[in-house]
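Read in order, the letters of the sequence shown correspond to residues -31 to -1, 1 to 1237 in mature numbering (1 follows the signal peptide of the UniProt record, and there is no 0).
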Amino acid sequence: MYKGRTMRKKDLIYFASAALLLSVSAQVAKADEVTSNEPVTADNNHQQVAPSVETKTGEELVPATSYTAPATVVESTERASQLVASAVTSSVSSEETASATESTTAAPQEKPSVGASTFFDAGSHAPASRSTDVAVQPKTFVDVSSHNGDISVEDYRVLANKGVGGVVVKLTENTWYNNPNAASQIRNAQAVGLQVSTYHFSRYTTEEAARAEARFYIAAAQRLGLPKSTLMVNDFEDAKMQPNINRNTQAWADEMRKNGYTNLMFYTSASWLDENNLHKKGPVNTAQFGIENFWVAQYPAPKLSANDAKTLRYNGKAGAWQFSSQAELLPGKHLFDHNIDYTGRFTANYKQTSDPTQGNLSGKISVINNDTMTGRFDVLISDVKAPNGVASVSVPIWSDVNGQDDLVWYVAAKQNDGTYKVSVKASDHKNSTGKYNIHLYYNQLNGKQIGVTTSSTEVSIGKRPNVPVSADLSIDVDKSAGTFTITAKNLKGFENYKEIKIPFWSHAKGMDDIKWYTPVRQSDGSYKVVAKASDHENVDGRYEAQIFYYDAQGQRQFVQKAFAEYSTGKPNVPVSADLSIDVDKSAGTFTITAKNLKGFENYKEIKIPFWSHAKGMDDIKWYTPVRQSDGSYKVVAKASDHENVDGRYEAQIFYYDAQGQRKFVQKAFAEYSTGKLNVPVSADLSIDVDKSAGTFTITAKNLKGFENYKEIKIPFWSHAKGMDDIKWYTPVRQSDGSYKVVAKASDHENVDGRYEAQIFYYDAQGQRQFVQKAFAEYSTGKPNVPVSADLSIDVDKSAGTFTITAKNLKGFENYKEIKIPFWSHAKGMDDIKWYTPVRQSDGSYKVVAKASDHENVDGRYEAQIFYYDAQGQRQFVQKAFAEYKKEQLLSGTLSIENNNKDTGTFDVIIKDVYSPKGVRTVQVPIWSAKDGQDDIRWYEAARQANGDYKVSVTASDHKNSTGLYYVHLYYIQNDGSRVGVLASSTEVEFRNANTKTRAFIKNVNVEAGTYTVEVDQAPQGRQIKNVRVAAWSQDHQENLYWYSTAPTGTQTDVHVSAVNHKNLAGNYTTHVYVDYVDGGVEGFNLGQTALNPRGTTGQTGLSPRVDSGQRDRVLRAAASLVGIRGGSAAHQQLVNDYNSVRPLPVGYAVKNTDDWCDVFVTTIFQREGLSDLVGRECGVERHIQIFKRLGIWNEDGGSTPKAGDIITFNWDQDSQPNNGFADHIGIVESVSNGIIHTIEGNSNDQVRRKTYRIGHGNIRGFASPRYQ
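The following block contains the structure:
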């Protein structure tokens, strides 16, 4: 439990029998169980305990002042029977430095240093330590401080899933320190439903100091808004507090209660209590405070599980028991103090909250901010859900170039809105361009990883961005003016466009009134056009505008649409006028007069269109009449302006109201003859109406004066539409000499009212001559029942179809036909098709449309339903919309066959291989579940004679891994693109595998004092994670030194040197501990090896090696990492440790691919708790600036450094003085005979020992930390 502001050591003494340890664990006894070789982490100082074989007796144990290693390793087939003991002493406090000097003679049994807090393991010697009759709460709890940093909601959910129901957050220490992470640690725990308690780390030695600390603690709780019912814990473990501990603690408790805080408990070690399971009583009077109010720390065994702890039930009379300070509840992130709750005071209020990431598996990948100039893009993950909740989001990304050689596994960062984001640079992928593959995996709260979905994107470097086309389109309605101002702003992606068009229409007219406008570019870059309602028949309701652009190839592209509602607000006063035409044949003029005008209030303008019927309105002119003194309006038209044709002339009068809307008022006719024809032209024209059929039969009989005519035409239109629906028909000559044509009302919008037909003939000169006109009244007989239907569109993306269904049809009596037009908005109705739906047994109508018939475009599609009534008139009923995004229609099946459990082989068979783009190659990436994708192999499947594809797999090609194998299927399509198809998995066994790890000594050089320990990875054995070697020659392990390295391939060499063991001659005992990836440990006893290094004396008490404290700790820590390589697990841990301390230097989180020489130096000091000596940085030049501020920088690169100094280099300069930009950094291990011996990280991508002569030209300078 890291109680102090700085990380301080727990004083741990393990005193346990192997029999008790074996009773705690159901595992077979291994070397690690018997020897307790697991390292004990004590805040800053990582102390590894390797117990000696002899049993210590008595109440006090000998405190070890260096690493101790076991003298004997019990084989895995034996049961341990010896008692094992070891001890580690701690610093007195977080602010004091422990010092220990080894005795030069045989060490007597000493007492621990004064003030040290000792946590005992009573083992089998203290039956009172276990209370099998004590109730144990089902939930455990943890305690946290600033050492744990910010703990995310997802991390807390992982803890909750592992049975944690509460968290105790450190708030304060003494009267000066506040935990900077407390607020977030509390807030995130509450979000998960954990019970939140708090603690204060006490330092008081007087009653007044105790009361002051209580008030300081209370103030922090109040700032955080914690209720007074919160469980508040007093943590006392500073040995200086022991005198008067009861009186002073009572003062603290009284002050807390006086301020309303009555839910109090006390944390300390068992050795401090007068009622404990140890050999002597401590100073704390448990009866005074109540034993049930104590939370007791006592660690019976390393890495004790919660279930085993619940079985042991140590300190059962207390309120809670802290059974471990090394709980790996969040592997790779934090170590936690883990606790058993006996009374429920720490966990009873746990209330599980719903996890927003828990649900059916879902996730969406979106690629945003794709910068084609710099080769950067962001991946946004949304809709994040998994069956077991999501702890973290992993996004592997790689380019199509050279397989997966540039694969990077990204951990997505959670955003405030619940999405996750990854920022990608092509420079991290070998600057590859082209297609990048993006896969999505969730690491669930139960620890299992699950694949979610895949995507891809195109990456370019130095290419102008392909900006998506977009615009903001709006319609501003001016009802008083009857206008629509259509504006397009924020146009993007319109480069090299040829033209912009805006179609605009009313929904009421079903696009019959559509007009394509060309907007005008404004000074601000927007485009604008004004449309008049009068140009769209002044109908009420919804109007729609769309914007299209024509690209460089002349292709029309849809961009955006907008809608507006409009109401005409028609005047209530009837408008009327008397219109007359006076003909002056001699002058060839027509005087058109409008009198008795009514309802023309607020009109803007009056217009009179005038034309000859003979010309069929080809000669129409719009006149502006002049107002007369009597209020009438008059204008004179010339026959010469109308081609002087004979026949009937027509005038109409319109006015424009205040809204600018044009209104029809009246019409008038006049006959005119130029006297050109001697023979009168005439015909009888009639119209027969068939309302049931909705047709007009127009017949011309008794034709006279039609000699030498070229053609006969009959224009026909409805008066209601004001000639907007005019059609020019060519009648057919009948046997009796008459002419006949049939017109449909549906071709004239089925409007009711008067219809008009006229007959014209074209004479020998091609002049069109009016002959006669006729009229007919027509009524559609529309049904009184409102027509309605429910219209829906069901999309089948896999089939690429739309099922359009119309249900609940009403008012469709006597209909003739039902039609459903269907089109995509993206194509702007260019792809419209009119479908005839099929009637179903339930009375509904259904039709299936194919996306392929609509150019397979993505986006919104629209369907409308119309019916044709008994008169053949088409009536709009309803509309519906659907969104569509085409799917690639791929097929393929994958099966595992011939899975041989003895040889570790199997075949993958792929059938039904198909892609719409064609399949060039079938690829099958396969990897085992062990160690990520480090054994991935991309197979190219071989086509078989029957058309199937096959891949043969052997475990030897996958690091001989056994267990779960992932099998994925991809196609390389004919266009070169790669597409994922499906995934599967299988279990692989290798019964004939070689599984035993080997360890042995080689290359012994007695005079040099060196030898090599070789550890060989078994071909089919457990994967080695780390190799640790303990070596010593002195009887009491005084010169014990631990070596540690990550594996290097199948053979790992650890180089042992007497230099690390006081350079003593003697017989060196060697123990090897192999840590496996699966969490197991295996031990090897390699016996003794005689060394007699030159220039050394024998191992006696007269030539001890003096430990100079902090400097030696740094050198030992650096030497222990020699041999680790970039990309290894140990390198990854270096990076993780560097990034774990916040705030990060310059705010930058180091990546595995970054240069890491300074990360190595910084982390060595950080791990030893000595960061304040040198500062923290990942950039060498910036680190030099820190050295200067600390006053430890030596600019003279030609000077002689000391062991423990930091050395920097500038490779661009090879002579002194060297004052260039620093490139590299390391630690000086020793200096002898004019040679500087260093340990450097990232030297050829590994930690290496190197040498330089004093004054070497590349040396930039030194820093000399102020060690103690």
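Glycine included, every Cβ here is placed at the ideal spot set by N, Cα and C.
Margin query: For residue 418, which residues in the same chain have their Cβ closer than 6 Å to its Cβ, ignoring the five residues on either side in sequence?
Written below: 410 and 412
Notebook entry, point to check: Is it true that the region 951 to 968 meets the region 1000 to 1013, where meeting means three or more beta-carbon pairs spaced less than 8 Å apart?
Noted result: no
Note to self: Relative to the C-alpha of residue 616, which candidate in 125, 624, 643 and 626 has its C-alpha closest?
What the structure shows: 643
Check: Taking the continuous alpha helix (DSSP H) assigned at residue 122, which residues delimit it?
Finding: 122 to 130
Check: DSSP on residue 755, reduced to helix/strand/coil?
Finding: coil
Check: Can you tell which of 707, 715 and 704 has the C-alpha that lies nearest to the C-alpha of residue 695?
Finding: 715
Check: Helix or strand or just coil, what does DSSP make of residue 246?
Finding: coil
Checklist line | Bridge-paired residues (DSSP) for residue 729 | finding: 682 and 739
Margin query: Does residue 399 pass the burial test, meaning 16 or more other C-beta atoms within 10 Å, or should it be called exposed?
Written below: exposed
Check: Helix, strand or coil for residue 1180 per DSSP?
Finding: coil
Check: What did DSSP end up calling residue 960 once you bin it into helix, strand or coil?
Finding: coil
Margin query: Can you look up residue 1237 in the DSSP assignment and give me helix, strand or coil?
Written below: coil
Check: Which stretch, first to last residue, makes up the alpha helix (DSSP H) that contains residue 1129?
Finding: 1126 to 1136
Notebook entry, point to check: The beta strand (DSSP E) with residue 618 in it runs from where to where?
Noted result: 616 to 625
Checklist line | residue 928 versus residue 1049 - alpha carbon distance | finding: 19 Å
Next item on the list: Taking 8 Å as the cut-off, decide whether the C-beta atoms of residue 878 and residue 864 are in contact.
Entry: yes
Notebook entry, point to check: Given residue 491, which residues of its chain have a CB within under 7 Å of its CB, disregarding the five upstream and five downstream residues?
Noted result: 497
Next item on the list: Quick one: residues in its chain with C-beta nearer than 7 Å to the C-beta of residue 121, no 5 flanking neighbours on either side, listed in chain order?
Entry: 157
Item checked: Residue from 1039, 988 and 1029 whose Cα sits closest to the Cα of residue 1020 -> 988
Check: Taking all protein chains shown into account, do 16 or more other C-beta atoms lie within 10 angstroms of the C-beta of residue 701, making it buried, or fewer, making it exposed?
Finding: exposed
Next item on the list: Find the nearest neighbour of residue 512 within the set 480, 347, 794 and 964, judged by alpha-carbon distance.
Entry: 480
Notebook entry, point to check: If you draw a straight line from the C-alpha of residue 756 to the C-alpha of residue 836, how long is it?
Noted result: 10 Å
Next item on the list: Flag this pair as yes or no: are the beta carbons of residue 583 and residue 656 separated by less than 8 Å?
Entry: no
Notebook entry, point to check: Which residue or residues does DSSP assign as beta-bridge partners of residue 514?
Noted result: 473 and 531
Checklist line | Paired residues, beta bridge with residue 1220 - DSSP | finding: 1206
Next item on the list: Could you give the DSSP three-state label for residue 176: helix, strand or coil?
Entry: helix
Note to self: Using only CA atoms, which one of 1221, 1026, 1131 and 679 lies nearest to residue 1240?
What the structure shows: Summary: the structure shown does not reach residue 1240, with the chain confined to residues -31 through 1237, and so no result is reported for it.
Item checked: From 900, 581, 719 and 639, residue whose alpha carbon lies closest to that of residue 553 -> 639
Notebook entry, point to check: How about residue 899 and residue 1046: do their beta carbons lie closer than 8 Å?
Noted result: yes
Note to self: Looking at the secondary structure, which residues open and close the beta strand (DSSP E) in which residue 787 lies?
What the structure shows: 786 to 793
Checklist line | Cβ-based burial, residue 1001 [other Cβ within 10 Å; buried from 16] | finding: buried
Item checked: Rounded straight-line distance, which links the Cα of residue 167 to that of residue 1153 -> 41 Å
Note to self: Between 807, 484 and 698, which has its C-alpha nearest residue 717's C-alpha?
What the structure shows: 698
Margin query: Quick check: residue 713 and residue 841, are their CB atoms within less than 8 Å of each other?
Written below: yes
Checklist line | Own chain partners of residue 804 with C-beta closer than 8 Å, once the 5 adjacent residues on each side are dropped | finding: 773, 788, 789, 790, 791, 816 and 818
Next item on the list: Could you spell out where the alpha helix (DSSP H) holding residue 1157 opens and where it closes?
Entry: 1149 to 1159
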